[in-house]
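Everything on this sheet refers to the single structure shown next.
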Amino acid sequence: MFGEMSHEMEVEVPASEAWDLFGTLRIGKLVVNLKHLFQSVELVDGDGGVGTILELTFAPGIPGLTSYKEKFTKIDNENRIKETEVVEGGLLDMGFTLYRIHFQVFEKGEASCSVKSTIEYELPNELAANASLVSIDPLVMIFDLAKEHLLSLHGNTKPPAVS
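Residues 5 to 167 (the working numbering) make up the sequence shown, in order.
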């Protein structure tokens, strides 16, 4: 069984600034501010380029999940595309054979852009019920935090609270 879901947000900053956050390791440093979701994000291997591996550890209380490792499988700076795949743990431990997140930053104007993420997943048909474990909500929270952070750099909002 194959499935996907997407989320898109617009933000009033240049696409290059949004890409500098989403296309690099900087997004991982921001994600740890979501203490109710993640306990830590650690660099396992790499420098932020293709092949980089991060280990994300969930906050205590996330049912059935403790941590996972994701690998940067595609980084296209020209088209502002980044893909990551879970390579260990997380939903793979629940029978998923693929869990990929695709980010793309689109220029909307000189000082405006859109950031889109798509989750793609596969799992055996006999485990189709586990598809209900996939949710776009954590990405929406990450996007909201990223938007707040990017806007704060332009003085449009206060910086996100660091907990």
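Idealized CB from N, CA, C, for every residue including glycine.
Around the CB of ALA150, 16 or more other CB atoms lie within 10 Å, so the residue is classed as buried. Put simply, of GLY52, LEU95, GLU87, GLU126 the residue whose alpha carbon is nearest the alpha carbon of GLY68 is LEU95. For ASP51, the three-state secondary structure derived from DSSP is coil. With contacts defined as CB atoms closer than 8 Å, VAL138 and MET13 fail to qualify as a contacting pair. Taking the C-beta atoms as reference points, ILE85 is found nearer than 8 Å to GLN108. For ILE146, the enclosing alpha helix (DSSP H) starts and ends at 141-157. DSSP lists ILE85 as the beta-bridge partner residues of ASP80. For GLY7, DSSP records a beta bridge to TYR125. DSSP places LEU41 outside both helix and strand once states are collapsed to three, so it counts as coil. Between LEU127 and THR101, the C-beta gap is smaller than 8 Å, which places the two residues in contact.
SER71 is bridged by DSSP to THR61.
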